[in-house]
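Structure record follows, encoded as structure tokens.
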Amino acid sequence: MASRHWIFLLKPVCVLALFSLLQGCSLLRTEEPVFSETNPVIEPELDRRTVTEADIDSEDFEVGAFAGVMSVEDFGTNFVYGARAAYHVSEDLFTEAAIGRTRTDKTSFEKLSGGAKVVPDDNRTLTYYNISIGWNLLPGEVFIGRGHSFNSALYIIGGVGNTDFADDNHFTINFGAGYRLLLNDWMAMRIDVRDHTYKSDLLGDNERKHNLEAHAGLSVFF
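Going by my numbering, the residue at position 47 of the sequence shown is 1139; the numbering climbs one at a time, nothing skipped.
Here's what the structure looks like:
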């Protein structure tokens, strides 16, 4: 009977002890800091640098010259040079007129025969001209050094024109891709790869020829 009285008295004592323990834990808990825009967690010290970005000039006309190599099918790979003029219709679209010239080599048949001439020496110069439309696919930026940024664009281009070779004219389709890097607000550097294709029966069969060209050049805006 006495044990029942002790159990009855211990219950409220245990409750009071537990309550006191919980109160003590709440007093020991520290205040959490309040973060805001005026009181940030970390105050970074950034040394910001000034970047000079080359933008295209406000004018839309572009003229330039180029040089590179051209592989004329059956007539070897030789030096090519030319000029172009472009009009930028919008930020993404532009039209271009170009003319190029290369001096072709002898065919393998001419080299092996020892004296046969497929094309006379005075007709070995190939000249092409075309009108094309280009589309800037991937405009971006190139960083050189710590304070210079140059606008750039990867573009595709294609069009039609004419190829004058061996006293004959061939309707020609050209297509390819290029990369333009704006050096400042009035000058750009360009790298192009093109395929000039047409049909020719110069060597007997009427076959489609593919003349691959790779060139680089400079152009100015005005």
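For glycine and all other residues, C-beta sits at the position ideal for the given N, C-alpha and C.
- Within the same chain, Cβ atoms closer than 7 angstroms to the Cβ of F1167 are found at T1196, D1197 and T1199, the five residues on either side in sequence being excluded.
- With fewer than 16 other CB atoms across the displayed protein chains lying within 10 angstroms of its CB, V1234 is exposed.
- Between E1188 and A1178, the C-beta spacing is below 7 angstroms.
- In terms of CA proximity to G1309, V1285 leads the group V1285, D1293, V1181 and T1289.
- Ranked by how close their Cα comes to the Cα of H1288, the residues L1273, G1156, F1313 and T1255 have T1255 in first place.
- Judged by DSSP in its simplified three-state form, E1233 adopts strand.
- Counting C-beta pairs with one atom in each stretch, the stretch 1264-1281 and the stretch 1215-1232 have three or more that are closer than 8 angstroms, which means they touch.
- From the listed residues L1185, R1272, N1261 and A1258, the smallest Cα separation to F1242 is found for R1272.
- DSSP, read as helix, strand or coil, puts S1205 in helix.
- At least 7 angstroms separates the beta-carbon of V1172 from that of G1156.
- If you check the CB distance, I1191 and G1174 come in under 7 angstroms.
- Here the alpha carbon of A1280 sits roughly 18 angstroms from the alpha carbon of G1237.
- Rounded to the nearest whole angstrom, the CA to CA distance from R1193 to P1231 is 30 angstroms.
- Across the structure, V1211 and G1250 are spaced so that their CA atoms are roughly 29 angstroms apart.
- Under DSSP, the beta-bridge partners assigned to S1163 are T1169 and L1304.
- Contact between N1215 and A1258 holds: their C-beta atoms lie close to 5 angstroms from each other, under 8 angstroms.
- Look at S1200 here: in three-state DSSP terms it is helix.
- For E1188, the enclosing beta strand (DSSP E) covers residues L1185 to R1195.
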